[in-house]
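Worksheet: the structure to be examined is printed underneath.
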Amino acid sequence: MSAILQDQDTATKDWYKQLFQTYRQGLNGHSEHPLAQFRLAAYEQLEGQDFPTRREEDWKYSGAPIARMMENRFQATSAPTVDAKTIAAYQIPELTAATFVFVNGVFQEALSASTLPKGVSVEHISTALENNEKRTWIEDQVAQAGGTEHNTFLPLNRAFAQHGLYIETERNAQVDLPIYCLYLNTPNEEAHLSNPQLFVRVRSGSTLSFIERFQATPATGSYFTNVANWISVEDNAHCHHYKLQMENGQALLIHNTLVRQGRDSTYSNYSLDLGGKVVRNNLATTLLGSNTNTNYYGVYLGDQQQHIDNQTFIDHAVPHCQSNELYKGILTDYARGVFNGKVMVRQDAQKTNAFQQNSSLVLSKNAIMDAKPQLEIFADDVRCSHGATIGQLDETSVFFLRSRGLSEAQARQLLQQAFLGEVIETMPNEAVQAYAMEMLVAKLLG
6 MSAILQDQDT ATKDWYKQLF QTYRQGLNGH SEHPLAQFRL AAYEQLEGQD FPTRREEDWK
66 YSGAPIARMM ENRFQATSAP TVDAKTIAAY QIPELTAATF VFVNGVFQEA LSASTLPKGV
126 SVEHISTALE NNEKRTWIED QVAQAGGTEH NTFLPLNRAF AQHGLYIETE RNAQVDLPIY
186 CLYLNTPNEE AHLSNPQLFV RVRSGSTLSF IERFQATPAT GSYFTNVANW ISVEDNAHCH
246 HYKLQMENGQ ALLIHNTLVR QGRDSTYSNY SLDLGGKVVR NNLATTLLGS NTNTNYYGVY
306 LGDQQQHIDN QTFIDHAVPH CQSNELYKGI LTDYARGVFN GKVMVRQDAQ KTNAFQQNSS
366 LVLSKNAIMD AKPQLEIFAD DVRCSHGATI GQLDETSVFF LRSRGLSEAQ ARQLLQQAFL
426 GEVIETMPNE AVQAYAMEML VAKLLG
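Numbering (the working numbering), first residue to last: 6 to 451.
In structure tokens, the structure reads:
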């Protein structure tokens, strides 16, 4: 590491050390609580690691912009007051769900669901850690390394998260309403840090859908949201996971999701990235049983100087499994996109079917897209394919639509909507799908 990078890393680590010491001084006799011990163990892990830089392959394109953003001295602030009327404005139309509200990373119990659909329980992480069986399960989940090398942001999340949730279904429960987690950021003069955290346990034979929405209010200001999700989809269970992201143009978002699947299970991830200044998504799934299905669907739309980086990893370690991955994006102005998707097919994973595709439109001379689809195959009886395309709008199609009476702007907007709409249409929840399309069109129209 160069002297400059080392100095930056040391200064950043010193800042988080100071923040953590402030937290410990405020424990007031609660230092032996399982949550305090859980956070301390994570901080000790964090101390032994450096923040990633562009010198590392997995962080080659995003290490520098993330490091520049982290020069801000983000504060672990308390949440400003937000009323129910404000929250109502951020509900998804036509969506019936159990809603859990966080403002600047702080859980708002008074604004959250008081009743839950049958078959699912939701509790604060501090309560879950007091239960030996749940604590053992949680510690087993966080022991995962995940698909991204040198991911310092996972222990950072655990060291500073105060308001995580533990979500668990009963066995063989068909949960009829989704869980909706609304993460509202209200910037102010002081750049704030939040660490949303979900532990999701979908027990054998059950089905669960949950939605994460990251939303900024109209106020301006910088902030850093560092997310970590650990998801276990047990044997013959099914999980639909949505992420809608509309942060403001000064936000840093790092979103980590680590998934483990049992036999005959399905995990489907639907991701929409429209906002943020620097966005990094780390999504990794390990297949632990045969006959599983894993689906990743991602859409990104970047303009101005946005930086959106998708890193995915699917680990086929057992036979007779399928994975399907489709990411599409559009970049314009000075925006930059990154897709680094890796599918590993290990020696025992015979009869694997794996498909991976990343397609991007780059609509200005200063926009950049870096795509790196990867397949590593050590089994011989598999069907796997991957690919990446980077292009521009089809001018023949633009001409055709104009000949039917559309203006040039309308023709281009319609073609972009159709290009990305293919991925959004994979969302099975109709209310979420309609809202995602509405937000996409709103951004396309500027």
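The C-beta atom is built at its ideal place from N, Cα and C for all residues, glycine as well.
Whether residue 290 touches residue 319 by CB criterion (8 Å): yes
Residue 349 versus residue 411 - alpha carbon distance: 46 Å
Spatial distance of residue 362 from residue 205 (CA atoms): 28 Å
Assigned secondary structure, residue 231 (DSSP; H/G/I helix, E/B strand, else coil): strand
Test item: CB-CB of residue 255 and residue 225 under 8 Å: yes
8 Å contact criterion, which residue 127 and residue 134 should meet: CB distance rounded: At roughly 15 Å, the Cβ-Cβ gap does not stay under 8 Å, so residue 127 and residue 134 are not in contact.
Residue 349 in three-state terms, based on DSSP: strand
Exposure of residue 132, with buried meaning 16 or more beta-carbon neighbours within 10 Å: exposed
Spatial distance of residue 92 from residue 85 (CA atoms): 13 Å
Three-state class that DSSP yields for residue 387 in the structure shown: coil
Any non-hydrogen atom of the ligand FAD closer than 7 Å to residue 445 Cβ: By its list of ligands, the structure shown contains no ligand whatsoever, and the ligand FAD lies outside what it can speak to.
Status (buried if at least 16 other CB within 10 Å, exposed otherwise) for residue 199: buried
Start-end ranges of the beta strand (DSSP E) lying completely within the segment 353–405, minimum 3 residues: 358–367, 373–382 and 388–396
Sequence-distant residues of its chain with Cβ nearer than 6 Å to residue 275 (five each side left out): 247, 302 and 432
Beta-ladder partner(s) of residue 44, from DSSP: According to DSSP, residue 44 bridges with nothing at all.
Option in 253, 150 and 210 with minimal Cα separation from residue 271: That would be 210, whose Cα lies nearest to the Cα of residue 271.
Cβ distance (whole Å) where residue 78 is taken to contact residue 163 below 8 Å: No, residue 78 and residue 163 are not in contact; Cβ-Cβ is about 21 Å, not under 8 Å.
Cβ neighbours of residue 165 in the same chain (closer than 6 Å, five flanking residues each side left out): 200
Check whether residue 245 and residue 214 have beta carbons under 8 Å apart: Yes, Cβ-Cβ distance for residue 245 and residue 214 is below 8 Å.
Cβ separation of residue 372 and residue 336, assumed to be a contact under 8 Å, to the nearest whole Å: Contact check for residue 372 and residue 336: beta-carbon distance about 4 Å, within the 8 Å limit, so the pair qualifies.
Simplified DSSP assignment, three categories, for residue 330: strand
For residue 204, the first and last residue of its enclosing alpha helix (DSSP H): From DSSP, residue 204 is part of no alpha helix (DSSP H) but of the beta strand (DSSP E) over 202–207.
Backbone secondary structure at residue 123 - three-state DSSP: coil
Nearest neighbour of residue 58, chosen from 49, 90 and 17 [CA to CA]: Out of 49, 90 and 17, 17 has the C-alpha closest to the C-alpha of residue 58.
Own chain, CB closer than 8 Å to residue 425, minus 5 neighbours either side, in chain order: 304, 306, 333, 334, 335 and 445
Span of the alpha helix (DSSP H), counted from its first residue to its last, around residue 131: 130–133
Rounded C-alpha distance that separates residue 141 from residue 267: 18 Å
Residue 51 versus residue 309: straight-line alpha-carbon distance, rounded: 33 Å
DSSP beta-bridge partners of residue 217: For residue 217, which the question treats as bridged, DSSP gives the partners 186 and 248.
Residue from 448, 360, 181 and 324 with nearest C-alpha to residue 277: 448
C-beta atoms of residue 107 and residue 118 nearer than 8 Å: no
Assigned exposure category for residue 27 - 16 Cβ within 10 Å defines buried: exposed
Proximity below 8 Å, CB of residue 295 to CB of residue 338: no
Residues bridged to residue 111 (per DSSP): Looking at the DSSP assignment, residue 111 forms a beta bridge with 108.
Pair within 8 Å by beta-carbon distance, residue 218 and residue 188: yes
Which of helix, strand or coil DSSP assigns to residue 259: strand
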